[in-house]
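The listed protein sequences correspond, in order, to chains A and B.
Throughout the first sequence, residue numbering follows the numbering used here, covering 1 to 373 in sequence.
Throughout the second sequence, residue numbering follows the numbering used here, covering 1001 to 1168 in sequence.
We put the CB at the ideal spot given by N, CA and C, even for glycine.
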Amino acid sequence: MRDLRTEEMTLNMGPQHPSTHGVLRLKLRTDGEVVTSVEPVLGYLHRCFEKHAENLEYPGVIPFVDRCDYLASMNNDHGYALAVEQFLDIEVPERVEYIRVIFAELQRIASHLVAFGTFGLDVGAFTPFLYAFREREMILDLFEMTCGARLLYNYIWVGGLSHDIPPGFVEKTYRFLEHFEPKIKEYNDLLTNNKIFIERTADVGMLPRDVAISYGVTGPQLRASGVDWDLRRDEPYSIYDRFDWKVAVGVDAYGELGDCWNRYYVKILEMQESAKIVRQALDNLPVEGDVHAAIPKKIRPPEGANYFRSENPRGELGFYIVSDGGTTPFRVKMRSPALSNLGVIDEIASDWLVADVVAILGSLDIVLGEIDR
Amino acid sequence: MTRADIYTRLADQFGDSIVEFNDESLQRYIRIEPSGWYAVATFLKEAPDLAFDSLMCIAGVDRGPKEDQMEVVYALFSMTHRHKITIKISGPRADFHVPSVESVWRLADWHERETYDMFGIVFDGHRRLKRLLLPEDWEGFPLRKDYQVQDYYHGIRVPKIKPKKLTP
């Protein structure tokens, strides 16, 4: 028996594998079924976003920003537009702010629905995926009737919107909310409180608070670890300070704080809160008004640099923009939330089983488009 | 603490390492000598009244061959005190070395690798400094202003896009 040698084995997960949510390769070192280390290999979807941005005028960057986090294009547009507007020090009309918030929060619901559905798929539950896409479809219909696109919108522009909302949009959105809000209970019955689902996700892949902050984990993934922090409330941008809503934080229901179940459940709570914000924004939406602020035809921010961050469905989206006074940015750095969230995977997935790595990766809710840019 | 207070605190503690405090731009920043950066970073994180536990972003900037300067910009935030500061470190474009803070804030691990990948800035003391997004055998550093795309990669011609064609 003494002559028997046991070795660690390297196992490749991806790049072509449904549970990696895109083209991501994970190099797993395994000792039997137990994973000893995880090394993500990135770059399969690198499209040179930052280099392109240096050759485009400021408004021209927006379609490229769309394609970074393709599940939350509206939020990306919103973040970029706000970053440039802060740089230029311009105010946008009231009506624009409300419409932007409505779209940003609808997009957050749509993005979390994908996270909810695919996380179910990852741990072996197929049905929730169909439920999630049923509701997401309605949101995409709302987007389509507004700007013609279903995935990449180019809708929120620097200084306003590409065009106004169409007639009937407000009523249709109210109808959607009436349909959607009761559905959350359905999701909870179907997946959240499902015994098998809890066994797979509760007390798996715990992410302690300090580790999360040090790795720059943000968004629902950070709040699941018990950190009560949301940029929409704590560093209010746009008009988020006008709405009455609660920041969703992880709960001590089935397992420890910061486990996979909490990272999933915070997103369910956030969908509820986003629906509340959309409702209030619709109630207070100014009826009349222009959707373009008075901005110069050629945008030339003053020489200098600015870092602006906003809350994306996946966490903190930052834009560091350097201007040399010209019409094209001198440098654009996008701090993508999913990149930092994925960075923690070696820390939290080591010493778990291979099957748990799938659950942990799913709970981190990554989008490769913005990781690789 | 305001940014000016943070500057005074650092200047008292480290003296020569702190080069300047720019109070005029939209984003006010402190410029630091590369050699003193690791000690300053540890201090920024550990000192109870500063407590910068969150590194938001690291960005490299190439000022171009004319100015012959490169910069690394760190955006820091304290979750405890909710104050912010921007740190800038500059150096020559050729052979620019910056101490790694990857062990202070773990976020720096991948962000420093990305900055190395795109600018060729070397972070001394990083445990695994290699390219993050590009293939490991890629030539050159794409976000440098004078970057030329290599002609072939493993026998495949790399398509060239003239920057002027992108803007109408």
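Residue burial classification, B:D1146 (beta-carbon count within 10 angstroms, cutoff 16): As a working note, residue 1146 of chain B is residue 146 in the second sequence. Here B:D1146 is exposed: its Cβ has fewer than 16 other Cβ atoms, across all protein chains shown, within 10 Å.
Residues sharing a beta bridge with A:R397, DSSP: A question about residue 397 of chain A goes unanswered here, because the residues of chain A that appear run from 1 up to 373.
Segment contact flag, the region 1030-1044 of chain B with the region 319-331 of chain A, C-beta cutoff 8 angstroms, min 3 pairs: no
Interface partners of B:L1143 on chain A, CB under 7 angstroms: Sequence index remark: in the second sequence, residue 1143 of chain B carries index 143 (1-based). By Cβ distance, chain A contributes E50 and K51.
Distance, A:G79 Cα to A:L317 Cα: As a position in the first sequence, residue 317 of chain A is number 317, starting the count at 1. As a position in the first sequence, residue 79 of chain A is number 79, starting the count at 1. Near 7 angstroms, if we compare the C-alpha coordinates of A:G79 and A:L317.
Per DSSP, the bridge partner or partners of A:L11: As a first step, residue 11 of chain A must be located in the first sequence, where it is residue number 11. Answer is A:L28, bridged to A:L11.
Supposed close pair A:Y155, A:M206 - CB separation, criterion 8 angstroms: As a position in the first sequence, residue 155 of chain A is number 155, starting the count at 1. As a position in the first sequence, residue 206 of chain A is number 206, starting the count at 1. No, A:Y155 and A:M206 are not in contact; Cβ-Cβ is about 39 angstroms, not under 8 angstroms.
Within the region 256-322 of chain A, ranges of the alpha helix (DSSP H) (whole runs, at least 4 residues): 260-284
Proximal chain A residues relative to B:M1079, where beta-carbon distance stays under 9 angstroms: Looking up residue 1079 of chain B in the second sequence gives position 79. Under the 9 angstroms cutoff, chain A gives I213, V227 and W229.
Cβ-based contacts, 7 angstroms cut-off: residues of the region 1042-1071 of chain B near chain A: D1053, S1054, L1055, M1056, C1057, A1059 and V1061
Cβ of A:V322 within 8 angstroms of any chain B Cβ: Locating residue 322 of chain A in the first sequence gives position 322, counting from the first residue. Yes - at least one Cβ of chain B is within 8 angstroms of the one on A:V322.
8 angstroms Cβ cut-off: residues of chain B touching A:N306: Stepping through the first sequence from its first residue, residue 306 of chain A is reached at position 306. Simply L1026 and Q1027.
Status (buried if at least 16 other CB within 10 Å, exposed otherwise) for A:M9: Residue 9 of chain A sits at position 9 when you count from the first residue of the first sequence. The residue is exposed, with fewer than 16 neighbouring Cβ atoms inside 10 Å.
Start and end residues, beta strand (DSSP E) containing B:C1057: Working through the second sequence from its first residue, we reach residue 1057 of chain B at position 57. Where B:C1057 is concerned, the enclosing beta strand (DSSP E) starts and stops at S1054 to D1062.
Chain-ordered residues of the region 1096-1111 of chain B with a beta carbon less than 7 angstroms from chain A: W1105, R1106, L1107, D1109 and W1110
Whether A:D346 touches A:V123 by CB criterion (8 angstroms): Against the first sequence, residue 346 of chain A aligns to sequence position 346. Against the first sequence, residue 123 of chain A aligns to sequence position 123. Taking 8 angstroms as the Cβ cut-off, A:D346 and A:V123 do not qualify as a contacting pair.
Cβ neighbours of B:I988 in the same chain (closer than 8 angstroms, five flanking residues each side left out): There is simply no residue 988 of chain B to check, as chain B begins at 1001 and stops at 1168 in what is shown.
DSSP state of B:D1124 mapped onto helix, strand, coil: Here residue 1124 of chain B is taken as the residue at index 124 of the second sequence, counted from 1. It is a strand residue.
Cα-Cα separation between A:L56 and A:P329, rounded to whole angstroms: Translated into positions along the first sequence, residue 56 of chain A becomes position 56. Translated into positions along the first sequence, residue 329 of chain A becomes position 329. Cα-Cα distance, rounded: 7 angstroms.
Spatially closest choice to A:K276 from A:N193, A:S225, A:Y174 and A:S340, by CA coordinates: What you label residue 276 of chain A is simply residue 276 of the first sequence in a count that begins at 1. Cα-wise, what sits closest to A:K276 is A:Y174.
Residue burial classification, B:Q1148 (beta-carbon count within 10 angstroms, cutoff 16): Here residue 1148 of chain B corresponds to residue number 148 of the second sequence, with the count starting at 1. Counting Cβ neighbours within 10 Å, B:Q1148 comes out exposed, since fewer than 16 surround it.
Boundaries (first-last residue) of the beta strand (DSSP E) holding B:A1075: Indexing the second sequence from 1 puts residue 1075 of chain B at position 75. For B:A1075, the enclosing beta strand (DSSP E) stretches over residues M1070 to F1077.
Three-way DSSP call (helix, strand, coil) for A:F197 in this model: Taking the first residue of the first sequence as 1, we reach residue 197 of chain A at position 197. It is helical.
contact_flag[the region 46-54 of chain A, the region 239-257 of chain A] where n(CB pairs < 8 angstroms) is 3 or more: no
Cβ neighbour criterion (16 or more within 10 Å) applied to A:V227: Numbered from 1 along the first sequence, position 227 holds the residue referred to as residue 227 of chain A. It counts as buried.
Distance, B:V1098 Cα to B:R1127 Cα: In the second sequence, counting from the first residue as 1, residue 1127 of chain B sits at position 127. In the second sequence, counting from the first residue as 1, residue 1098 of chain B sits at position 98. Taking the straight line joining both Cα atoms gives about 14 angstroms.
For B:P1168, the three-state DSSP class (helix, strand or coil): Numbered from 1 along the second sequence, position 168 holds the residue referred to as residue 1168 of chain B. Interpretation of B:P1168 is limited by its pLDDT of 49, a score under 50 that renders its predicted location unreliable; no figure is taken from the coordinates.
With 16 other Cβ atoms within 10 Å as the buried cut-off, status of A:I196: Taking the first sequence and counting its residues from 1, one reaches residue 196 of chain A at position 196. Exposed: under 16 other Cβ atoms inside 10 Å.
Boundaries (first-last residue) of the alpha helix (DSSP H) holding B:F1021: Start at 1 with the first residue of the second sequence, and residue 1021 of chain B comes out as number 21. Not the alpha helix (DSSP H): B:F1021 falls in the beta strand (DSSP E), residues I1018 to N1022.
Close Cβ partners of A:L82 (< 8 angstroms) along its chain, the five nearest in sequence each way excluded: Here the question's residue 82 of chain A lines up with position 82 in the first sequence. Answer for A:L82: Y237, S238, F308 and S310, listed in chain order.
Proximity of B:R1112 and B:S1100 at Cβ, strictly below 8 angstroms: For this step, residue 1112 of chain B is matched to residue 112 along the second sequence. For this step, residue 1100 of chain B is matched to residue 100 along the second sequence. The residue asked about is misnamed: residue 1112 of chain B is Glu in this sequence, not Arg. Yes, the pair counts as a contact, with Cβ atoms nearer than the cut-off.
Straight-line Cα distance separating A:H292 from A:V84: The sequence position of residue 84 of chain A within the first sequence is 84, counting from 1. The sequence position of residue 292 of chain A within the first sequence is 292, counting from 1. The alpha-carbon atoms of A:V84 and A:H292 are separated by roughly 15 angstroms.
Closest Cα partner of B:G1125 within the set B:R1009, B:P1034 and B:K1084: Stepping through the second sequence from its first residue, residue 1125 of chain B is reached at position 125. Looking at the Cα atoms, B:P1034 is the closest of the given residues.
Chain B within 8 angstroms of A:K333, Cβ atoms only: By 1-based counting over the first sequence, the position of residue 333 of chain A is 333. It does; some Cβ of chain B falls within 8 angstroms.
A:L190 in three-state terms, based on DSSP: Here the question's residue 190 of chain A lines up with position 190 in the first sequence. DSSP places A:L190 in helix when its eight states are reduced to three.
Span of the alpha helix (DSSP H), counted from its first residue to its last, around B:T1115: Taking the first residue of the second sequence as position 1, residue 1115 of chain B is located at position 115. Element bounds for B:T1115: L1107 to F1119.
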